[in-house]
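Sequence order for the protein chains is A and B. Per my numbering, the very first residue in the first sequence carries number 1084; after that it's consecutive. Per my numbering, the very first residue in the second sequence carries number 1084; after that it's consecutive. Glycine included, every Cβ here is placed at the ideal spot set by N, Cα and C. The structure under discussion appears below in the form of C-alpha cells.
There are 2 protein chains.
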Amino acid sequence: MKHSHKRDAICEVLREKKDHPTADMIYERVRERYPEISLATVYRNLAQLCAEGELIKIGAGGKERYDIDTSLHTHFFCEACGDVYDVFSPLHLSGLANAESEIGCKINFAHITFRGRCKNCSAKEA
Amino acid sequence: MKHSHKRDAICEVLREKKDHPTADMIYERVRERYPEISLATVYRNLAQLCAEGELIKIGAGGKERYDIDTSLHTHFFCEACGDVYDVFSPLHLSGLANAESEIGCKINFAHITFRGRCKNCSAKEA
DNA sequence: TTTAAAAACGATAATCATTATCGTTTTTGT
DNA sequence: ACAAAAACGATAATGATTATCGTTTTTAAA
Chain A
1084 MKHSHKRDAI CEVLREKKDH PTADMIYERV RERYPEISLA TVYRNLAQLC
1134 AEGELIKIGA GGKERYDIDT SLHTHFFCEA CGDVYDVFSP LHLSGLANAE
1184 SEIGCKINFA HITFRGRCKN CSAKEA
Chain B
1084 MKHSHKRDAI CEVLREKKDH PTADMIYERV RERYPEISLA TVYRNLAQLC
1134 AEGELIKIGA GGKERYDIDT SLHTHFFCEA CGDVYDVFSP LHLSGLANAE
1184 SEIGCKINFA HITFRGRCKN CSAKEA
C-alpha cells in the first residue's frame, strides 16, 4: 500500500469527529480539503483500510458507518436521530457455555449493540 | 390488513424451515406453491408482517434475513457458510448501569449476536 | 349474491448504496 | 529522471429493495 494524501485525509476526518460517519458523510468532509475527490476514492480507501484492520464497519441495517477506533468497545444507536455513540464501560456476558453446547460449536465472537434514545433526543421530547 | 393466500404461504415457508431465509430464498420456496408469485409481493408482505410485529429482520451486513420466531432469542452466524442458527439458552449481560451513566441515557435494548463456525463447517475443515 | 371499496397482486421501473472498469495521474524505489 | 505499482476521478454496473400502476382478490354490506 503506497502512501496517499486522500487516504490520510479520510483517516483524519475519522479521528477529528468520532460520530461514526457514513461513506457519504466522509466524502463531504474530505471534500472541504480536497474538492476534487471522488466518492469512489472514499469507498476504495475505506474498503482498503478495513481490510488492513485500521477501521471497522459498524453497519446497523441501513448504510454502513465507519469507526477508526478498533479497540474493543460497544455502540449505542439512537432510535430517534440515528446517531451512534461509543460505550467503553466494561460489559460481561454470561451463559456462553450453554449457548455453545446448544448449537454444538465454538462461539468466536459475541457482538453487542445498544439501542435507545440519546440524551439530546430524550431532552427534545420532554 | 385483508387475508391473502400468498401472505399465508410466506408465513408457512418461514415456519417450515427455520433457517432464517433471505427474501429471494423465500421467493423461491413460495414459487413451488404459487409459481406466478412476484418477488415484489414477497417484499411487500415481508415488510407488512414486520410492521405488524409478526416477523423480525435479522440483517447482518449483507442481505436481510427473516425470522418468524419473535420471542427473545439470539442468533449465531456461521462465518464460513453464512447459515444462521437460533440460540435459546438464557444469556445475561452485566455492566449496563455503567454503560447508561457513561452515555447519559436509558438503554432500551441490548442486541447480541454470535459469530463462529457451525458444526458442519468445523467438521469439513478437520 | 351482486356490488363496490379497499387491499393485494404482478410486472416492471426506479432508487440507493456500493463496486467495478478504465484511462490518467501520483507515488516510490532505483 | 524513469518506470512499475498503486491510487485516482469519472462513470458505468450491480444488486437488494422500494415505488408505481393497471388489474385482480378479498370482504362486508346491500
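When the options are compared against residue i, the one with the closest alpha-carbon
i         : options                                    : result
Arg1098/B : Tyr1168/B, His1158/B, Ile1151/B, Ser1205/B : Ile1151/B
Val1125/B : Ala1134/B, Gly1136/B, Glu1111/B, Thr1196/B : Glu1111/B
His1103/B : Arg1198/B, Lys1085/B, Lys1140/B, Asn1203/B : Lys1140/B
His1086/B : Gln1131/B, Val1167/B, Ala1182/B, Arg1116/B : Gln1131/B
His1088/B : Ser1184/B, Ala1134/B, Asn1128/B            : Asn1128/B
Glu1185/A : Ser1172/B, Asp1107/B, Pro1118/B            : Ser1172/B
Thr1153/B : Glu1183/B, Gly1136/B, Glu1208/B            : Gly1136/B
Val1167/B : Ala1193/B, Ala1143/B, Tyr1117/B            : Ala1143/B
Leu1138/B : Phe1192/B, Ile1195/B, Met1084/B, Ile1093/B : Ile1093/B
Cys1188/B : Ile1120/A, Leu1122/A, Cys1133/A, Lys1202/A : Lys1202/A
Met1084/A : Ala1134/A, Ala1209/A, Ala1206/A, Asp1107/A : Ala1134/A
Cβ neighbours of residue i in the same chain (closer than 7 Å, five flanking residues each side left out)
i         : result
Cys1204/B : Cys1161, Ala1163, Cys1164
Arg1200/B : Cys1161, Glu1162, Ala1163
Tyr1117/A : Lys1089, Ala1092
Cys1209/A : It should be noted that the sequence gives Ala, not Cys, for residue 1209/A. Around Ala1209/A: no qualifying Cβ.
Same chain, Cβ closer than 8 Å to residue i, neighbours up to 5 away in sequence not counted
i         : result
Val1170/A : His1156, Thr1157, His1158, Phe1159, Phe1197
Thr1105/B : Lys1146, Glu1147, Arg1148, Tyr1149
Ile1190/A : Leu1179, Ala1182, Glu1183
His1174/B : Per the sequence presented here, residue 1174/B reads as Leu, with His not at that position. So the list reads Thr1157, Ile1195, once near-sequence residues are dropped.
Leu1122/A : Ala1106, Asp1107, Tyr1110
N- and C-terminal bounds of the alpha helix (DSSP H) containing residue i
i         : result
Cys1204/B : 1202-1208
Met1084/B : That residue, Met1084/B, is in no alpha helix (DSSP H); it is neither H nor E in DSSP.
Glu1111/B : 1106-1114
Neighbourhood of residue i by C-beta, 6 Å cutoff - its chain only, sequence neighbours within 5 removed
i         : result
Glu1096/B : Glu is not the amino acid found at residue 1096/B; the sequence shown has Val there. So the list reads Ile1109, Arg1112, Val1113, once near-sequence residues are dropped.
Phe1192/B : none
Leu1176/B : Ala1193
According to DSSP, residues forming a beta bridge with residue i
i         : result
Ile1120/A : Bridge partners of Ile1120/A: none, in fact.
Gly1199/B : Ile1190/A, Cys1161/B
Lys1140/A : Tyr1149/A
Residue i beta carbon near the ligand FAD (any heavy atom closer than 7 Å)
i         : result
Cys1201/A : In terms of ligand content, the structure shown is empty, and the ligand FAD therefore cannot be addressed.
Beta strand (DSSP E) runs contained entirely in the segment 1149-1192 of chain B, provided each spans 3 or more residues: 1157-1161, 1167-1170, 1175-1177
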